[in-house]
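Below is one structure, written out as structure tokens, with a few remarks after it.
Here's what the structure looks like:
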């Protein structure tokens, strides 16, 4: 029995349907979140929904539980042994990265408190949906690779990357100019500074995620990955979902929580 | 094209986006006015971006589609009363933007000769002490 | 579908539903974003001529949320900006728009007729109502609603500026003065309050 197969013992069809169900849950929760913001104006509820969404992403899309699946492997040169330490390394990196995002979030809470900048709600919801759909395809891509379906991996990873580019364009080429037209600029005050710093830092991570996917796609086309050995695919996937997870908190923080300020 | 070249290009693009060139002239940007009906008054809004190292002053404005124009500033007095103050001139300090926007500075158009509808454009001439005359197109729009 | 997954989904939804119910029961009711009148006072009567010659009576509007704004048609900046804000809130109400009425009352009856007021508001939305009348008709309205107005000096061509109170006043469905907004309020906040007021069933807020 291949050592990696322990972590994904599901058959392909049920793994794919699990990804779909999680996507539907996340979509419903996003809808609930938007509805809460429209009608109830309650920050604690929005935080709760964000935490539930983040939990679903971390468990089902980022399979954080694999960290604990340390196998009794003594051969320090084996792929299985390296995989365990690679995973720990990646998650430590994500942890350090989340301090940056956590710092930005704290900045937002400290500087803006119960207020938020005047942003286009439709655009915010649209880019959020785009990123969520990209996570769905990312999950499909990884599942395909785990079951050795390279063709499906290439298709789904390409879709993910294109959606990532669409998200980037939506934020940088549409939302930023739109905000600037509305008077929210990087220099227009604390709200503008916080908005551009948060979305800018996040967009930069999406950009690196796109680059990561480009590399992985190229290597996959060359046949460098297999169902048993595809750490780079797993890393790109977990990183991509991490960037989505950050947006799960940034979206309500910027668009939904608090009273509008001019 | 090799992958190194692709990355190089992307990186170069990223750097370019980072270093937006700063203009070294005085510019009038984003001029707009609300739709209005003939005979009525209206206001023109814009941003004066003084990229030069010299202070400048906006002295007057003129349009062909209204009988006269005035430089105004809306301001609030006590108890939510809003009023407008005619301005003889508006200072535009070096390296600064002066914003003409609803609720603040605006060029008031007195007695429009024709209705203005969303999508229309018309020229406005602004006279500055140092930069001289600058003419820009004003776009008529709701917001 | 995987049974565990179904449980996870149900548990998430149940948790959030529970939190929503708890928030609704324990939390403060949603707060208005405008300034609230405390206590609510019955809105003084307004009876002025509309452009079509009919009389507009505020007391006939019970059941509707009425937004009152005072200004004048020669106003180039503050009044159009405020009316554009009201139009955005109004348009975004969607099908609830017919439960809201937006009324623009002159502070400059020497120059504004009911017809010119109506023409002016039609630029924003034809369902807005413009009202004018004689100074004698209007003076009690200004006084009772606390609207200050002051005519500026006339220039060579007879134009003058009118300084005036630029607050938006909101009369609720029961005919009480309920909220007001200073100049510069965001349309999203007005929309938020209007939705609350529309859905308010009881006689008190």
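Residue numbers (this note's numbering), protein chains in the order written: chain W, 630 to 891; chain F, 9 to 151; chain R, 614 to 818.
Note that CB positions come from ideal geometry on N, CA and C, so glycine has one too.
Inset, instruction - Compile a chain-ordered list of the residues in the segment 28–62 of chain F whose CB is closer than 8 Å to at least one CB of chain R. - result: 42, 43, 44, 45, 48, 49, 50 and 51
Legend entry - Distance CB(residue 740/W)-CB(residue 827/W) smaller than 8 Å: The residue you call residue 740/W lines up with position 111 of the first chain. The residue you call residue 827/W lines up with position 198 of the first chain. No, Cβ-Cβ distance for residue 740/W and residue 827/W is not below 8 Å.
Legend entry - Nonlocal neighbours in the same chain, by C-beta distance under 7 Å from residue 661/W, ignoring five residues either side: Position 32 of the first chain holds residue 661/W. These residues qualify, in order along the chain: 678.
Inset, instruction - Would you please verify whether the beta carbon of residue 72/F is less than 8 Å from any beta carbon of chain R? - result: What you label residue 72/F is simply residue 64 of the second chain in a count that begins at 1. Chain R contact via Cβ: absent.
Legend entry - Continuous alpha helix (DSSP H) stretch holding residue 746/R: start and end: The residue you call residue 746/R lines up with position 133 of the third chain. Annotation for residue 746/R: no alpha helix (DSSP H) segment contains it, and DSSP assigns it neither H nor E.
Legend entry - Closest by C-alpha distance to residue 734/W, when choosing among 657/W, 777/W, 831/W and 859/W: Locating residue 734/W in the first chain gives position 105, where the first residue counts as 1. Taking only the C-alpha atoms, the option nearest residue 734/W is 831/W.
Legend entry - Sequence-distant residues of the same chain with beta carbon closer than 6 Å to residue 766/W, five excluded per side: Within the first chain, the letter at position 137 stands for residue 766/W. Correct list, in chain order: 785, 788 and 789.
Inset, instruction - Since I believe residue 55/F is in contact with residue 144/F (beta carbons under 8 Å), could you give me their beta-carbon distance rounded to a whole number of angstroms? - result: Within the second chain, numbered from 1, the residue matching residue 144/F stands at position 136. Within the second chain, numbered from 1, the residue matching residue 55/F stands at position 47. Residue 144/F to residue 55/F, Cβ: 11 Å. No contact.
Legend entry - Against chain F: residues of the segment 721–738 of chain R by CB proximity under 7 Å: 732 and 736
Inset, instruction - Using a cut-off of 7 Å between C-beta atoms, extract the partners of residue 68/F located in chain R. - result: Residue mapping note: residue 68/F aligns to position 60 of the second chain, counting from 1. Simply none; closest approach about 15 Å.
Inset, instruction - Just the chain W side, please: which residues come within less than 9 Å of residue 628/R by C-beta, in chain order? - result: The count along the third chain starts at 1 and reaches residue 628/R at position 15. 677 and 681, listed in chain order.
Inset, instruction - Keeping to the same chain, check which residues put their C-beta closer than 8 Å to that of residue 792/W; ignore five residues upstream and five downstream. - result: In the first chain, the residue the question calls residue 792/W occupies position 163. Excluding sequence neighbours, residue 792/W sits near 759, 760, 762, 763 and 766.
Inset, instruction - Look up residue 891/R in the DSSP assignment and say whether it is helix, strand or coil. - result: Absent from the structure is residue 891/R, since the part of chain R shown begins at 614 and ends at 818.
Inset, instruction - Note down the Cα distance separating residue 821/W from residue 669/R, rounded to an integer number of angstroms. - result: Here residue 821/W refers to the residue found at position 192 of the first chain. Here residue 669/R refers to the residue found at position 56 of the third chain. About 44 Å.
Inset, instruction - Return yes when the Cβ of residue 79/F is within less than 8 Å of the Cβ of residue 52/F, no when it is not. - result: One-based indexing of the second chain puts residue 52/F at position 44. One-based indexing of the second chain puts residue 79/F at position 71. Cβ atoms of residue 52/F and residue 79/F: not closer than 8 Å.
Legend entry - alpha helix (DSSP H) segments (min. 4 residues) lying fully within the segment 616–647 of chain R: 616–639
Legend entry - Contiguous alpha helix (DSSP H) assignments of at least 4 residues, all confined to the segment 715–792 of chain W: 750–775
Legend entry - Unbroken stretches of the alpha helix (DSSP H), 4 residues or longer, contained in the segment 753–813 of chain R: Contiguous alpha helix (DSSP H) elements confined to the segment 753–813 of chain R occur at 800–811, taking only those with 4 or more residues.
Legend entry - Per-residue burial, residue 773/R [other beta carbons within 10 Å of its own, 16 or more giving buried]: On the third chain, position 160 is the one that residue 773/R refers to. The residue in question, residue 773/R, is exposed, as its Cβ has fewer than 16 Cβ neighbours within 10 Å.
Inset, instruction - Along the beta strand (DSSP E) that carries residue 56/F, what are the first and last residues, could you check? - result: As a working mapping, residue 56/F is identified with position 48 in the second chain. Taken as a continuous stretch (DSSP letters only), the beta strand (DSSP E) holding residue 56/F covers 50–58.
Inset, instruction - Using a Cβ cut-off of 8 Å (strictly closer), state whether residue 705/R contacts chain F. - result: Position 92 of the third chain, counting from 1, holds the residue named residue 705/R. So no, residue 705/R is outside the interface.
Inset, instruction - Assuming residue 690/W and residue 768/W form a contact by the criterion Cβ under 8 Å, report the distance between their Cβ atoms to the nearest whole angstrom. - result: Residue numbering aside, residue 690/W sits at position 61 when the first chain is read from its first letter. Residue numbering aside, residue 768/W sits at position 139 when the first chain is read from its first letter. With a Cβ gap of about 5 Å, residue 690/W and residue 768/W count as contacting.
Legend entry - Beta-carbon separation (whole angstroms), residue 681/R vs residue 716/R, contact threshold 8 Å: Walking along the third chain from the start, residue 681/R turns up at place 68. Walking along the third chain from the start, residue 716/R turns up at place 103. Their Cβ separation, rounded to whole angstroms, is 5 Å, which keeps residue 681/R and residue 716/R in contact under 8 Å.
Inset, instruction - Anything in chain F within Cβ reach of residue 761/R, meaning under 8 Å, just list it in chain order. - result: Taking the third chain and counting its residues from 1, the one referred to as residue 761/R is at position 148. Ordered by position in chain F, the residues that pass the 8 Å Cβ test against residue 761/R are 87 and 89.
Inset, instruction - Compute the distance between the beta-carbons of residue 135/F and residue 76/F, then report whether it is under 8 Å. - result: The residue labelled residue 135/F in the question sits at position 127 within the second chain. The residue labelled residue 76/F in the question sits at position 68 within the second chain. No, these two residues do not count as a Cβ contact at 8 Å.
Inset, instruction - With 8 Å as the threshold, decide whether the Cβ of residue 686/R is near any Cβ in chain F. - result: Taking the third chain and counting its residues from 1, the one referred to as residue 686/R is at position 73. Closer than 8 Å to some Cβ of chain F, the Cβ of residue 686/R qualifies, so yes.
Inset, instruction - Compare the Cα-Cα distances from residue 688/W to each of 659/R, 622/R and 800/R and report the closest residue. - result: Along the first chain, one-based indexing puts residue 688/W at 59. With distances taken between Cα atoms, residue 688/W lies closest to 622/R.
Inset, instruction - Have a look at residue 618/R and residue 650/W and give me their C-alpha separation to the nearest angstrom. - result: Taking the first residue of the third chain as 1, we reach residue 618/R at position 5. Taking the first residue of the first chain as 1, we reach residue 650/W at position 21. Distance between the alpha carbons of residue 618/R and residue 650/W: 8 Å.
Legend entry - Delimiting residues of the alpha helix (DSSP H) encompassing residue 693/R: For this step, residue 693/R is matched to residue 80 along the third chain. Per DSSP, residue 693/R belongs to the alpha helix (DSSP H) from 691–705.
Legend entry - Beta-carbon spacing of residue 730/R, residue 744/R below 8 Å: The residue you call residue 730/R lines up with position 117 of the third chain. The residue you call residue 744/R lines up with position 131 of the third chain. Yes.
Legend entry - For residue 665/R, three-class secondary structure by DSSP: Position 52 of the third chain, counting from 1, holds the residue named residue 665/R. Coil.
Legend entry - Among 819/W, 838/W and 795/W, nearest to residue 755/W - alpha-carbon criterion: Against the first chain, residue 755/W aligns to sequence position 126. The shortest C-alpha separation from residue 755/W is found at 795/W.
Inset, instruction - Count the other CB atoms, across all protein chains shown, that sit within 10 Å of the CB of residue 694/W; report buried if there are 16 or more and exposed otherwise. - result: Position 65 of the first chain, counted from the start, is the residue given in the question as residue 694/W. That one is exposed.
Inset, instruction - Would you tell me roughly how many angstroms separate the C-alpha atoms of residue 744/W and residue 824/W, rounded to the nearest one? - result: By one-based count along the first chain, residue 744/W stands at place 115. By one-based count along the first chain, residue 824/W stands at place 195. So the two alpha carbons sit approximately 12 Å from each other.
Inset, instruction - Mark residue 671/W as exposed unless 16 or more other C-beta atoms lie within 10 angstroms of its C-beta, in which case mark it buried. - result: The residue you call residue 671/W lines up with position 42 of the first chain. Buried: at least 16 other Cβ atoms inside 10 Å.
Inset, instruction - Could you say if the segment 685–697 of chain R and the segment 656–664 of chain R meet the contact criterion of at least three C-beta pairs nearer than 8 Å? - result: no
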